[in-house]
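Per the working numbering, the sequence shown starts with residue 26, numbered consecutively. Shown next, in structure tokens, is the structure this report addresses.
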Amino acid sequence: MAITSLALILVTAIDLMNQVKNYRTNLRQDMEVLVDFVSHNAASSIAFDDNISEQENLEALAVANYVLNAHIYKSTSAGQNVFFASYNKSGQTIESVADRVEQLEVPFIRGNIIEISRPILIEDRKVGYAYIRGSTENLNLLITKSVVRYAVILLLSLLLCLAITLYLQQKITRPLNTLAQEIESVAREKNYDARAGVTQLIELNVLSNAFNVLLSRIQDHIQRQEKVEEEHQKLHLSLEEKVNLRTNALKEANQELIRTLEKLHQFQRQMVENEKMASLGDMVAGVAHEVNTPIGLGVTASTMMLDRLKQLHKDFDDKTLKASALSKFMVEGEENLNIIYRNLNRAAELISSFKQVAVDQTNEVKRTFSFEQLMNEILLSLRPRLKKHQHKIQLHYDPDLIIESKAGPINQIIINLIMNSVIHGFEGMESGTIDIHATMLGSSKLNIVYKDDGKGIPENLRKRIFDPFVTTKRGQGGSGLGMHLVYNLVTQGLNGSISINSTDHSGVEFQIIFPVEQKSALELAKSL
Numbered sequence: 026m027a028i029t030s031l032a033l034i035l036v037t038a039i040d041l042m043n044q045v046k047n048y049r050t051n052l053r054q055d056m057e058v059l060v061d062f063v064s065h066n067a068a069s070s071i072a073f074d075d076n077i078s079e080q081e082n083l084e085a086l087a088v089a090n091y092v093l094n095a096h097i098y099k100s101t102s103a104g105q106n107v108f109f110a111s112y113n114k115s116g117q118t119i120e121s122v123a124d125r126v127e128q129l130e131v132p133f134i135r136g137n138i139i140e141i142s143r144p145i146l147i148e149d150r151k152v153g154y155a156y157i158r159g160s161t162e163n164l165n166l167l168i169t170k171s172v173v174r175y176a177v178i179l180l181l182s183l184l185l186c187l188a189i190t191l192y193l194q195q196k197i198t199r200p201l202n203t204l205a206q207e208i209e210s211v212a213r214e215k216n217y218d219a220r221a222g223v224t225q226l227i228e229l230n231v232l233s234n235a236f237n238v239l240l241s242r243i244q245d246h247i248q249r250q251e252k253v254e255e256e257h258q259k260l261h262l263s264l265e266e267k268v269n270l271r272t273n274a275l276k277e278a279n280q281e282l283i284r285t286l287e288k289l290h291q292f293q294r295q296m297v298e299n300e301k302m303a304s305l306g307d308m309v310a311g312v313a314h315e316v317n318t319p320i321g322l323g324v325t326a327s328t329m330m331l332d333r334l335k336q337l338h339k340d341f342d343d344k345t346l347k348a349s350a351l352s353k354f355m356v357e358g359e360e361n362l363n364i365i366y367r368n369l370n371r372a373a374e375l376i377s378s379f380k381q382v383a384v385d386q387t388n389e390v391k392r393t394f395s396f397e398q399l400m401n402e403i404l405l406s407l408r409p410r411l412k413k414h415q416h417k418i419q420l421h422y423d424p425d426l427i428i429e430s431k432a433g434p435i436n437q438i439i440i441n442l443i444m445n446s447v448i449h450g451f452e453g454m455e456s457g458t459i460d461i462h463a464t465m466l467g468s469s470k471l472n473i474v475y476k477d478d479g480k481g482i483p484e485n486l487r488k489r490i491f492d493p494f495v496t497t498k499r500g501q502g503g504s505g506l507g508m509h510l511v512y513n514l515v516t517q518g519l520n521g522s523i524s525i526n527s528t529d530h531s532g533v534e535f536q537i538i539f540p541v542e543q544k545s546a547l548e549l550a551k552s553l
């Protein structure tokens, strides 16, 4: 009902607006035709300067009851418009509009008045203006009558719609509501024994019968479902007993599996620790070898000093000591002391570097350090193992790069990667090249790219290279934990990521990215 009423009101309003628009358009057209006619007739009167005849012609406008005033203006040689003749309806005299007559060539409506003008032309030469002022009261009267007529039609239409709506509600809507309430009651109370009643509408009876059939089928289905559920319950109890037996057996198997996994993890952790200790053991052996050389030279120089000193004592006791012998002893003594000093200082530097590497390998505390110094210490600790080969290690990074991070994991990662290349990548090769690039990504991440030109990683191992116990040296001393240790150090120790790129016989490339804090030389000095 509401939608129908709104539609009727909308249609009526649109039609009324179109009607009013047509009334206004017709009035404008009538005024334009009339002013064109007056301007055309006034041309001859102005040509003969006969305003009396023109006055008589204008009096004929009295038959048009909506015309209130009509003026004829003559244009002078100075371009001014002067009054020539006029018609004024009784009681409607107005002042001259010569000053604005040129602006009224387009109809102008204000209030109940409409004004219009047209130029008077003689041989396409403007000689004056015709002006007409009319009333829109007739237009307003027509609009009022139209509004009343449309209002009556709208009211009658709404009353008719109301009557039709009440009739349909009595015949259709009410039975539909009753059926809907019955359906809602069944859905809410789940009373499938209920049935819909008979109505006066054949179509609605068809719907009611279909609903009743549906209720009957639902009721039958529920009864069958109850029987199935009863059988299912019996079966469930039987299965539950079997499941309990199987569950207990599975629990025992799971407990055994958990114990086995714990032993496996313990063994794996032990293997990782053994790998670290083996690396430290190799480093200790290298330390002993590297330190042995400068200490041996120092011992040799000190022995020579003792021999010369004994000879000097003997000559002194025998009173055969000569100034030249003493001078020679002093020169040789100074040389030997310099040799002893240089070699002991070298041994101290080696021990300090090895000590820092050893501390880093077992320490995971953040510290500020020079990346170049860390790499030098790592290569120094590996020198005993690397000097047996002709391999080259090329370093590419800013020598002034200073960061705050965990030096220990970085130390172990680089050592494991280098030894992995030496043992596996360069196997059967006389010489190989390792390139290590280190660059900052912004100010909070370090990117290390490690590459070698070895034989690469076999395709069957490439996807599992970071898994524990994956090695190409199975049964030859390889534990398979080196790259697994590297992965754990990168992802867990440094909270970073590692990726691999390798093809057969084309070397291997590892990219390691992890967060760091870039520091300055002043901050490094303060941390020492």
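Ideal Cβ placement from N, Cα and C applies to all residues, glycine included. Model, not experiment: these values are computed from the prediction.
Asked: Below 7 Å, is the gap between the Cβ of Leu-405 and the nearest heavy atom of the ligand PLP?; Found: In the structure on display, the ligand PLP does not appear, and there are no ligands present to speak of.
Asked: Rounded to whole angstroms, what's the CA-CA distance from Ser-327 to Asn-361? Just pull it up for me.; Found: 7 Å
Asked: For a test of the three-state rule: what should DSSP assign to Arg-271, helix, strand or coil?; Found: helix
Asked: From Ala-38, Tyr-112, Tyr-154, Phe-396, pick the residue whose C-alpha is nearest to that of Gly-433; which is it?; Found: Phe-396
Asked: For Leu-426, collect the residues of the same chain with a Cβ closer than 6 Å to its Cβ; drop the 5 residues on either side in sequence, then sort them by chain order.; Found: Phe-396
Asked: Among the candidates Thr-101, Lys-413, Tyr-156, Val-324, whose CA atom is the shortest distance from the CA of Gln-128?; Found: Tyr-156
Asked: Could you pull out every unbroken beta strand (DSSP E) segment of at least 3 residues lying fully inside the stretch 399-486, listed in chain order?; Found: 417-421, 427-431, 458-466, 470-477
Asked: Report the three-state DSSP secondary structure of Glu-120 (helix, strand or coil).; Found: coil
Asked: Between the C-alpha atoms of Asp-55 and Arg-143, what's the straight-line distance to the nearest angstrom?; Found: 14 Å
Asked: So what does DSSP say about Asn-82, is it helix, strand or coil?; Found: helix
Asked: If you check the beta carbons only, do Val-152 and Ser-115 fall under 8 Å apart?; Found: no
Asked: What first and last residue would you give for the beta strand (DSSP E) that runs through Asn-106?; Found: 106-113
Asked: DSSP three-state label for Tyr-156, please.; Found: strand
Asked: Distance, Cα to Cα, Thr-458 vs Lys-480?; Found: 12 Å
Asked: Leaving aside the five residues before and after Asn-526 along the sequence, list all residues of the same chain whose C-beta is less than 7 Å from its C-beta, in chain order.; Found: Glu-534
Asked: Can you find the residues in the same chain that come closer than 8 Å, C-beta to C-beta, to Ile-139, ignoring five residues on each side of it along the sequence?; Found: Leu-52, Arg-53, Met-56, Pro-132, Phe-133, Arg-158, Gly-159, Ser-160, Thr-161
Asked: Considering Cα atoms alone, identify which of Gly-453, Ile-538, Leu-486, Asn-436 is closest to Thr-464.; Found: Ile-538
Asked: Taking the DSSP output, what are the residues bridged to Leu-146?; Found: Lys-151
Asked: Have a look at Met-355 and Arg-408 and give me their C-alpha separation to the nearest angstrom.; Found: 37 Å
Asked: For the stretch 103-117 against the stretch 79-88, are there 3 or more C-beta pairs whose distance is under 8 Å?; Found: yes
Asked: Determine the contact status of Glu-429 and Lys-288, defining contact as a CB-CB distance below 8 Å.; Found: no
Asked: Tell me the rounded alpha-carbon separation between Leu-442 and Glu-281.; Found: 37 Å
Asked: Along the chain, where does the beta strand (DSSP E) containing Asn-513 start, and where does it finish?; Found: Looking at the DSSP string, Asn-513 is not in any beta strand (DSSP E); the run it does join, the alpha helix (DSSP H), is 507-513.
Asked: Suppose you measure from the CA of Val-384 to the CA of Ile-364; what does that come to, to the nearest Å?; Found: Residue confidence for Val-384 is low, a pLDDT of 46 falling below 50, so the modelled location carries little weight and cannot support an answer.
Asked: Mapping the DSSP letters down to three states, classify Thr-325 as helix, strand or coil.; Found: helix
Asked: Residues bridged to Asn-526 by DSSP?; Found: Glu-534
Asked: Could you give the DSSP three-state label for Lys-391: helix, strand or coil?; Found: strand
Asked: Check the DSSP bridge columns for Phe-133 and list the partner residues they point to.; Found: Glu-140
Asked: Whose C-beta lies closer than 7 Å to the C-beta of Asn-370 among residues of the same chain, with five residues either side of it excluded?; Found: none
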